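Colleague: I have a structure I would like to understand better, so I am pasting it below and will then ask my questions one at a time.
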Amino acid sequence: MSQRTARQWIINGVLIVVTLSFLGVSIAPLIGGLLAPPTQQAANNSNQNTSEQEKIKIQIEGFEAVLKSDPKNQTALIGLVNLRNQLGKVKETIEPLQTLADTFPDQPEYRMTLARTYIELKDPKNASAEYRKILTTKPGFIPALQSIVSIELTDKRPEAAIGILQDTLKTAETANKIQANTVDTGSVRWILGEVYRQQNRLDDSIATYDQMIKDNAKDFRPYVGKAQLRQVQGKEDEAKKLFDKGLELAPAEFKDEVKRLASLSPQKQPFTNPAQTPSAAPETTKKQ
Numbered sequence: 001m002s003q004r005t006a007r008q009w010i011i012n013g014v015l016i017v018v019t020l021s022f023l024g025v026s027i028a029p030l031i032g033g034l035l036a037p038p039t040q041q042a043a044n045n046s047n048q049n050t051s052e053q054e055k056i057k058i059q060i061e062g063f064e065a066v067l068k069s070d071p072k073n074q075t076a077l078i079g080l081v082n083l084r085n086q087l088g089k090v091k092e093t094i095e096p097l098q099t100l101a102d103t104f105p106d107q108p109e110y111r112m113t114l115a116r117t118y119i120e121l122k123d124p125k126n127a128s129a130e131y132r133k134i135l136t137t138k139p140g141f142i143p144a145l146q147s148i149v150s151i152e153l154t155d156k157r158p159e160a161a162i163g164i165l166q167d168t169l170k171t172a173e174t175a176n177k178i179q180a181n182t183v184d185t186g187s188v189r190w191i192l193g194e195v196y197r198q199q200n201r202l203d204d205s206i207a208t209y210d211q212m213i214k215d216n217a218k219d220f221r222p223y224v225g226k227a228q229l230r231q232v233q234g235k236e237d238e239a240k241k242l243f244d245k246g247l248e249l250a251p252a253e254f255k256d257e258v259k260r261l262a263s264l265s266p267q268k269q270p271f272t273n274p275a276q277t278p279s280a281a282p283e284t285t286k287k288q
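Residue 1 is where the sequence shown starts when you use the UniProt record's numbering, and the numbers rise one by one after that.
Structure, rendered in structure tokens:
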């Protein structure tokens, strides 16, 4: 992976964290407790002695024996993925992850982990395909939507990323009629506004935030997003009013983050210049 591409992954990775911080989404719970991320397991692998690795291999053989008679055994498949990751055999986790994802389609954490593994293996094409499979049945599943947007941005396809979000919004009304709350249009628009902001399309970003306010005047996010843009444009008085409004509406767990963003100088605001890698991003928290 070239240095330029790696830098773009960092930019888009930070976009995910900043955006999800106000989405009420944390990717960690999708993985933690079920399937350990490949990078974490690979790090653990360096600390294992030969005896420990032999024990792991024996455990793997046990799970493989179970799967010969019961190929879709959930416990054995999860165990196999985790143990192979512990040995640093990330590529060998693809097959059991695929089985988990196909066998338990109502549990998107499996396909999310499969997609993340493809990313770890520097295979964004297959990762994107897995995210799209999730969105076929769960069009409003924010972690998958945000991840595929990140892939498109990394591949320098911002219009494709924007198109995905716009298409999601176009079909949201129908999806929500079939099953209520399938698509959180406010959260999708928040991602769209952030993508516009990263691309320096400030007017489009502001228009998106204005639509969010029109749809739900009690949502604090568009006030914060618009305030950051007004700071960039040198409209400090308006920015302060918007930050104050966002702070007033923000749930308690978000107030410190809103204050932090308000205290940043315009040149340090996230994504005002997509050519620069943001130096910091908030941790994921919960919204709504």
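Yeah, the Cβ is synthetic: ideal placement off N, Cα and C, and Gly gets one too.
Predicted model only: the values in this text are computed from it and were never measured.
Going by DSSP in three states, residue 69 sits in which element: helix, strand or coil?
Modeller: For the purposes of this step, residue 69 is taken as the residue at position 69 of the sequence shown. In the structure shown, residue 69 sits in a helix (DSSP, three-state: H, G or I).
Colleague: As a quick exercise: from 250, 140 and 146, pick the residue whose alpha carbon is nearest that of residue 180.
Modeller: Translated into the one-based positions of the sequence shown, residue 180 becomes position 180. Per the Cα distances, 140.
Colleague: Would a C-beta distance cut-off of 8 angstroms place residue 175 and residue 147 closer than the cut-off?
Modeller: Taking the sequence shown and counting its residues from 1, one reaches residue 175 at position 175. Taking the sequence shown and counting its residues from 1, one reaches residue 147 at position 147. For residue 175 and residue 147, no; Cβs fall outside 8 angstroms.
Colleague: Taking the alpha-carbon of residue 244 as reference, which of 234, 228 and 233 has the nearest alpha-carbon?
Modeller: Within the sequence shown, the letter at position 244 stands for residue 244. For the residues 234, 228 and 233, the minimum Cα distance to residue 244 belongs to 228.
Colleague: Which of helix, strand or coil does DSSP assign to residue 265?
Modeller: As a working note, residue 265 is residue 265 in the sequence shown. If DSSP states are grouped into helix, strand and coil, residue 265 belongs with coil.
Colleague: For a test of the three-state rule: what should DSSP assign to residue 167, helix, strand or coil?
Modeller: Position 167 of the sequence shown, counting from 1, holds the residue named residue 167. Three-state result, residue 167: helix.
Colleague: Return helix, strand or coil for residue 89, following the three-state DSSP convention.
Modeller: Within the sequence shown, residue 89 is the residue found at index 89, counting from 1. Note: residue 89 maps to coil in three-state DSSP.
Colleague: If you draw a straight line from the C-alpha of residue 104 to the C-alpha of residue 239, how long is it?
Modeller: Position 104 of the sequence shown, counting from 1, holds the residue named residue 104. Position 239 of the sequence shown, counting from 1, holds the residue named residue 239. Straight-line Cα distance between these residues: approximately 47 angstroms.
Colleague: For a quick check, are the C-beta atoms of residue 246 and residue 223 less than 8 angstroms apart?
Modeller: Here residue 246 is taken as the residue at index 246 of the sequence shown, counted from 1. Here residue 223 is taken as the residue at index 223 of the sequence shown, counted from 1. Yes, the pair counts as a contact, with Cβ atoms nearer than the cut-off.
Colleague: Leaving aside the five residues before and after residue 133 along the sequence, list all residues of the same chain whose C-beta is less than 7 angstroms from its C-beta, in chain order.
Modeller: In the sequence shown, counting from the first residue as 1, residue 133 sits at position 133. Excluding residues within five positions, the ones whose Cβ falls inside 7 angstroms are 111.
Colleague: How about residue 135 and residue 121: do their beta carbons lie closer than 8 angstroms?
Modeller: In the sequence shown, counting from the first residue as 1, residue 135 sits at position 135. In the sequence shown, counting from the first residue as 1, residue 121 sits at position 121. In this structure, residue 121 does not lie closer than 8 angstroms to residue 135 by Cβ.
Colleague: Unbroken alpha helix (DSSP H) runs of length 4 or more, entirely within the region 155-204: which are they?
Modeller: 158-178 and 185-198
Colleague: Which of the three DSSP states is assigned to residue 104 in this structure?
Modeller: The count along the sequence shown starts at 1 and reaches residue 104 at position 104. Of the three classes helix, strand and coil, the one that applies to residue 104 here is coil, per DSSP.
Colleague: How many whole angstroms separate the CB atoms of residue 250 and residue 220, which I take to be in contact at a CB cut-off of 8 angstroms?
Modeller: As a first step, residue 250 must be located in the sequence shown, where it is residue number 250. As a first step, residue 220 must be located in the sequence shown, where it is residue number 220. Confirmed, about 4 angstroms.
Colleague: Hey, how far is the Cα of residue 76 from the Cα of residue 98?
Modeller: The residue labelled residue 76 in the question sits at position 76 within the sequence shown. The residue labelled residue 98 in the question sits at position 98 within the sequence shown. Distance between the alpha carbons of residue 76 and residue 98 is about 14 angstroms.
Colleague: Whose C-alpha, out of 231, 237 and 235, is nearest the C-alpha of residue 264?
Modeller: By 1-based counting over the sequence shown, the position of residue 264 is 264. Considering only alpha carbons, the answer is 231.
Colleague: In its own chain, which residues sit with a C-beta less than 6 angstroms from the C-beta of residue 63, not counting the 5 before and 5 after it?
Modeller: By 1-based counting over the sequence shown, the position of residue 63 is 63. Apart from sequence neighbours up to five positions away, the residues of its chain that approach residue 63 with a beta-carbon distance below 6 angstroms are 76, 79 and 80, ordered along the chain.
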